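**Student:**
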């Protein structure tokens, strides 16, 4: 993917280099440690996004399906959606109901590098290793394609297929395996958000 413009000194080449980062490196790709005032503003902004925008819709934990939490001092929002809400068993085709959960995330892809959106698909430990790797890869590709088809700007959206590498709970019961089959969406500050925060205002 090539971004044709530069954003506050963030070049297309730099954007392309992000594709080579691991998931852990990506989470650290925007350094807030050098400007405490900007970091504090970003954390306040992210906290408000989570509480006011996301907590009042279909992704809200109050609905009994998804989960929303903030971590790294509230600078990153994590949305967790059960795979069963997006896909039929053993399928990598998005269900008709999937748009209900994905639509609220589109707004975070409208302004390139305001947010970096990380899509991480997980499964349980059933089936062969190749099957687990393949189904998470196919499923996260399906989610990415949905956003593209909806006209979202996915220039700063990055997908990861983790298979069964990172279970939330031990795969010792049907209920636990269901919890481990999930899509995680990380909404982290991008370079543009940091530049705006340095100016004292995040306009989104």
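Residue numbers (our numbering): -11 to 192.
Glycine is no exception: its CB is placed at the ideal position from the N, C-alpha and C atoms.
Since this is a predicted model, take the numbers as computed values, not measurements.
1. Do residue 90 and residue 146 have their C-beta atoms within less than 8 Å of each other?
2. Thinking residue 176 and residue 59 are a contact (beta carbons under 8 Å), I'd like their distance in whole angstroms, please.
3. Since residue 75 sits in a beta bridge, which residues does DSSP pair it with?
4. Could you give the first and the last residue of the continuous alpha helix (DSSP H) run that contains residue 165?
5. The beta strand (DSSP E) with residue 148 in it runs from where to where?
6. For the beta strand (DSSP E) that contains residue 57, what are its first and last residues?
7. Hey, could you find the ends of the alpha helix (DSSP H) residue 127 is sitting in?
8. Pull up the distance between the alpha-carbon of residue 165 and that of residue 77, whole angstroms please.
**Tutor:** According to the structure shown:
1. Against the chain shown, residue 90 aligns to sequence position 102. Against the chain shown, residue 146 aligns to sequence position 158. No, Cβ-Cβ distance for residue 90 and residue 146 is not below 8 Å.
2. On the chain shown, residue 176 is found 188 positions in, with the first residue counted as 1. On the chain shown, residue 59 is found 71 positions in, with the first residue counted as 1. Your pair residue 176 and residue 59 does not check out as a contact, with CB atoms roughly 10 Å apart and the cut at 8 Å.
3. Counted from its first residue, the chain shown places residue 75 at position 87. Answer is 82, bridged to residue 75.
4. In the chain shown, residue 165 corresponds to position 177, counting from 1. First-last of the alpha helix (DSSP H) with residue 165: 162 to 168.
5. Taking the first residue of the chain shown as position 1, residue 148 is located at position 160. That run of the beta strand (DSSP E) goes 145 to 149.
6. As a working mapping, residue 57 is identified with position 69 in the chain shown. Annotation: the continuous beta strand (DSSP E) that includes residue 57 extends over 55 to 59.
7. In the chain shown, residue 127 corresponds to position 139, counting from 1. It spans 117 to 137 - the alpha helix (DSSP H) in which residue 127 sits, taken as one unbroken run.
8. The residue given as residue 165 occupies position 177 in the chain shown. The residue given as residue 77 occupies position 89 in the chain shown. Cα-Cα distance, rounded: 12 Å.
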